[in-house]
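Contents: one structure, followed by commentary.
Residue numbers (my numbering): 80 to 801.
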C-alpha cells in the first residue's frame with residue numbers, strides 16, 4: 080500500500096483510548112437497554128457515547144469510519160424516538176456494528192490499511208433499518224481528493240458567452256447520448272456521444288477537483304465501453320446526477336459536489352484500468368489501495384467471523400508476552416487473561432486443531448503463573464510462534480489456509496513438549512519456520528527497545544538534574560556509557576538517522592559539561608530534551624512495526640501542507656447555506672402566510688435543495704425537501720404554512736452534522752488538550768500507585784522504571800500539546 084494512504088498512527092494512537100472508552104461505554108449502555116427495553120435512557124447514553132467517538136474519528140481524519148459511526152448514532156436516535164420498531168434483528172445489528180467499529184479501530188492501530196468499504200454490508204443494513212435505500216458504497220469511499228493534479232488555467236481565451244455556449248452544447252449532447260445508452264438499442268453510439276460531451280467541461284474546468292470529476296466521469300464511460308462495468312440501476316442514477324452537475328455548470332455554477340466526485344471515482348476504482356485514462360486515475364488517487372479484497376462467501380462466513388473475534392485478545396496477548404519476555408513481571412497475568420479470552424472465543428471454530436492450540440496457550444500461561452522461573456528462551460520462542468499462527472488465522476479474510484489444521488496441531492504438540500520439559504524437534508514446515516523467525520525478531524525487537532528506553536531514562540534523569548542545577552555538570556560525563564549502549568542497539572537495528580540524532584544530542588551534552596559555570600541557555604536544554612523525547616517515542620513505535628523518526632521530530636509534517644484554496648466551494652457547502660436560508664424563509668412564511676413573494680422564494684430554495692441533495696447522494700433529504708414542496712403547493716393559508724413548517728423540521732436532522740469538525744485550529748488544539756488531560760490523569764494515577772509500591776518495596780527497580788516512564792510520557796505528550 081502506498082505510504083500516503085497509511086493512516087497516521089500518531090494522532091490515532093493518541094485519541095484511540097478516548098474512542099475505545101466511548102465505544103465500550105456505548106456497548107455497555109446498549110447491553111443494559113437490551114436487558115431492560117423500558118429503560119430508554121440507556122439508548123440516549125449509548126447515542127451520546129457514539130457521538131463522542133464520531134467527533135474523535137473526524138478529528139484524526141478517519142472520515143469513512145466516522146460516517147459508519149454516524150449511522151450507528153442515527154439508528155440509536157431513531158430507536159430512542161420510537162421511529163424504528165425494536166426487534167431482535169435490530170438489537171443484534173446495533174451490537175454487531177459497535178463491535179465492528181471497535182475491531183476496525185484495533186486493526187488500524189495494528190497497521191491495517193484504512194478501507195472503510197469493509198464495513199459496507201453492515202452500513203447498508205444500518206441504513207435499511209431507517210428505511211433508507213438506493214445508497215451507493217461511495218458513502219464509505221474516501222479517496223484523497225487533494226491528490227487531484229492541479230488544473231491548468233483552462234478556457235482563458237474564451238469569452239464568457241462562448242464558454243457557456245460550449246457547455247450548453249455539451250449538456251445537450253450528453254443528454255442525447257445518455258438517452259441512447261438508456262434505451263439500449265445504440266449503447267455504443269450513446270457512450271461515444273457522452274464521452275465527447277464530457278470532454279468539454281473537462282477541458283474548461285478551472286479547479287483540480289472539477290477537472291478530476293469530469294476526467295473520472297470519462298473514465299466510467301471508458302469502463303462501460305470496454306465491458307468492465309455492467310449497466311445497472313445504480314449507474315443510471317449516477318449518470319442522472321452527472322447530468323444535473325453538467326446542467327449547473329452550463330448555467331454558471333462553478334461548484335462541484337464532493338460526494339458525487341467520490342461516487343464517480345468509486346466506479347473507476349472497482350473496474351480494471353484498461354485505458355490510459357483509467358490507469359492515470361488509479362495511479363493519481365491510489366484507488367487500488369482503497370478497495371478491500373473480496374471476502375469469500377458461503378458456508379465459511381461464520382468461521383471467518385469467529386476467527387475475527389480472536390484478533391483483539393491475540394493482539395493483547397502478543398503485547399503482554401513481549402513485555403513479560405522483556406522482564407516486566409506484570410505482563411504475565413495480563414498474558415494469562417488474554418489467553419483466557421482466546422480460549423473462550425475459540426469454542427465453535429470448527430477447526431478442532433486450532434481450538435486445541437488456543438487452549439494450549441492458556442495452559443502454558445497457567446503453568447507459568449504457578450512457576451514464572453520456568454520461562455526461558457525456548458518457551459519465549461514457542462509461545463510467540465503459536466500466537467503468530469493464531470493471529471495469521473484470525474487476520475485471514477478469505478478461506479482459511481488448508482494447512483492450518485496441520486500447523487496448529489504441530490504447534491500444540493510443541494507447546495506440550497515445552498510444558499513437559501521435552502526436547503523440541505527442528506521446525507520443517509516453511510510457514511512455521513517463517514513464523515518462528517518473525518517471532519524471534521519480535522522478541523528481539525522488544526528486548527532491544529526496552530534496553531534503549533531504559534538507557535534513555537537514565538540520560539533524561541541525569542539531564543533533568545543538570546537542568547535544575549547547572550552546577551551538576553560533572554555528572555554528565557557518566558552518560559557516555561548509556562549513549563554507547565543506545566548507539567550499539569540502534570546500529571544493530573540499522574537505524575542510521577536515529578544514530579545521527581543520538582550523536583548530535585551527545586555532542587550538545589558534552590558542550591554543556593565543558594561549559595560548566597557559564598550562564599545557562601534554557602533554549603538549548605529544551606531542544607536536547609525534545610529530541611531525546613522524540614527518540615524515545617520513535618523506539619517505542621518500532622516495537623510495533625516500521626516507524627519514521629522525522630514524524631516525531633516534526634509532527635507538523637505528518638500531513639502535507641494544504642494546497643491553496645480553490646476559488647470554488649462545493650455543493651455540500653451550498654447545501655448548508657441553503658438549509659439555513661430555508662428555515663429563515665419558513666419562519667417568515669408562518670408570520671405572513673399570504674405573501675406570494677415569500678412562497679416563490681421558498682419554492683425556489685427548496686427545489687435547489689432537493690437538486691443539491693440528489694448531487695450529494697442524500698436520499699433522505701431529497702425526499703423530505705419534496706414533501707415540503709408538496710405542502711407548499713397547498714392553498715396559501717396559515718394552516719398550510721404551519722404544515723410546511725412542521726414538514727421542514729424533518730430537514731434539520733438530515734443535513735446537520737452529528738459531529739461538526741472544529742472550525743478553527745484553536746478548537747482542534749482545545750480538543751487535543753482535553754484528550755491529553757484525560758490521559759494525563761490516568762498516567763498520574765499509575766505514578767501514584769507506583770509510588771505506593773516503591774514505599775513498600777524500595778528495591779524494586781521495575782517500579783521505579785514504571786514511574787520514570789510515566790513522567791517521560793507526560794513530558795513528551797505535554798510538548799505535543801504545547
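Even for Gly, the Cβ is constructed at its ideal location relative to N, Cα and C. None of these values were measured; they are calculated from a predicted model.
For residue i, the nearest candidate out of the options (CA to CA)
{"i": "residue 135", "options": "153, 94 and 114", "result": "94"}
{"i": "residue 173", "options": "585, 764 and 204", "result": "204"}
{"i": "residue 171", "options": "110, 337, 97 and 127", "result": "110"}
{"i": "residue 412", "options": "359, 282 and 400", "result": "400"}
{"i": "residue 165", "options": "332, 122 and 213", "result": "122"}
{"i": "residue 291", "options": "707, 251, 222 and 535", "result": "222"}
{"i": "residue 439", "options": "410, 455, 391 and 488", "result": "488"}
{"i": "residue 341", "options": "354, 355 and 360", "result": "360"}
{"i": "residue 712", "options": "695, 701 and 685", "result": "685"}
{"i": "residue 304", "options": "348, 407, 593 and 354", "result": "354"}
{"i": "residue 681", "options": "666, 695 and 694", "result": "666"}
{"i": "residue 448", "options": "428, 467, 423 and 418", "result": "418"}
{"i": "residue 334", "options": "764, 694, 775 and 103", "result": "694"}
8 Å Cβ shell around residue i - same chain, five flanking residues per side excluded
{"i": "residue 178", "result": "106"}
{"i": "residue 786", "result": "766, 769, 770 and 773"}
DSSP-derived helix/strand/coil call for residue i
{"i": "residue 409", "result": "coil"}
{"i": "residue 334", "result": "coil"}
{"i": "residue 238", "result": "coil"}
{"i": "residue 97", "result": "helix"}
{"i": "residue 141", "result": "coil"}
{"i": "residue 175", "result": "helix"}
{"i": "residue 346", "result": "helix"}
{"i": "residue 165", "result": "coil"}
{"i": "residue 233", "result": "Only weak support exists for where residue 233 lies, its pLDDT of 48 falling under 50; the coordinates are left without a value."}
{"i": "residue 740", "result": "With a pLDDT of 40 at residue 740, under the threshold of 50, the predicted position of this residue should be treated as unreliable, though the coordinate-derived value follows. Residue 740 falls in the coil class under three-state DSSP."}
{"i": "residue 114", "result": "helix"}
{"i": "residue 776", "result": "coil"}
{"i": "residue 364", "result": "helix"}
{"i": "residue 421", "result": "helix"}
{"i": "residue 504", "result": "coil"}
Residues near residue i in its chain [Cβ-Cβ closer than 7 Å; skip 5 each side]
{"i": "residue 273", "result": "253, 256, 257, 260 and 300"}
{"i": "residue 250", "result": "325, 326 and 329"}
{"i": "residue 293", "result": "277, 280, 281 and 284"}
{"i": "residue 371", "result": "194, 196 and 197"}
{"i": "residue 473", "result": "386, 387, 389, 390 and 393"}
{"i": "residue 442", "result": "498"}
{"i": "residue 158", "result": "122 and 165"}
Nonlocal neighbours in the same chain, by C-beta distance under 6 Å from residue i, ignoring five residues either side
{"i": "residue 302", "result": "308 and 350"}
{"i": "residue 243", "result": "none"}
{"i": "residue 357", "result": "298 and 301"}
{"i": "residue 245", "result": "279"}
Check whether residue i and residue j have beta carbons under 9 Å apart
{"i": "residue 209", "j": "residue 154", "result": "yes"}
{"i": "residue 144", "j": "residue 112", "result": "no"}
{"i": "residue 463", "j": "residue 493", "result": "no"}
{"i": "residue 539", "j": "residue 431", "result": "no"}
{"i": "residue 572", "j": "residue 614", "result": "no"}
{"i": "residue 212", "j": "residue 206", "result": "yes"}
{"i": "residue 824", "j": "residue 393", "result": "A question about residue 824 goes unanswered here, because the residues of the chain that appear run from 80 up to 801."}
{"i": "residue 425", "j": "residue 434", "result": "yes"}
{"i": "residue 654", "j": "residue 692", "result": "yes"}
{"i": "residue 588", "j": "residue 532", "result": "no"}
{"i": "residue 813", "j": "residue 561", "result": "The first residue shown for the chain is 80 and the last is 801, placing residue 813 beyond what the model contains."}
{"i": "residue 320", "j": "residue 336", "result": "yes"}
{"i": "residue 405", "j": "residue 529", "result": "yes"}
{"i": "residue 689", "j": "residue 704", "result": "yes"}
{"i": "residue 612", "j": "residue 564", "result": "no"}
{"i": "residue 295", "j": "residue 369", "result": "no"}
{"i": "residue 219", "j": "residue 146", "result": "yes"}
Cβ-based burial, residue i [other Cβ within 10 Å; buried from 16]
{"i": "residue 248", "result": "exposed"}
{"i": "residue 553", "result": "exposed"}
{"i": "residue 237", "result": "exposed"}
{"i": "residue 108", "result": "buried"}
{"i": "residue 409", "result": "exposed"}
{"i": "residue 148", "result": "buried"}
{"i": "residue 661", "result": "buried"}
{"i": "residue 397", "result": "buried"}
{"i": "residue 263", "result": "exposed"}
Any C-beta of chain C under 9 Å from that of residue i
{"i": "residue 662", "result": "Among the protein chains of the structure shown there is no chain C, as only one such chain exists."}
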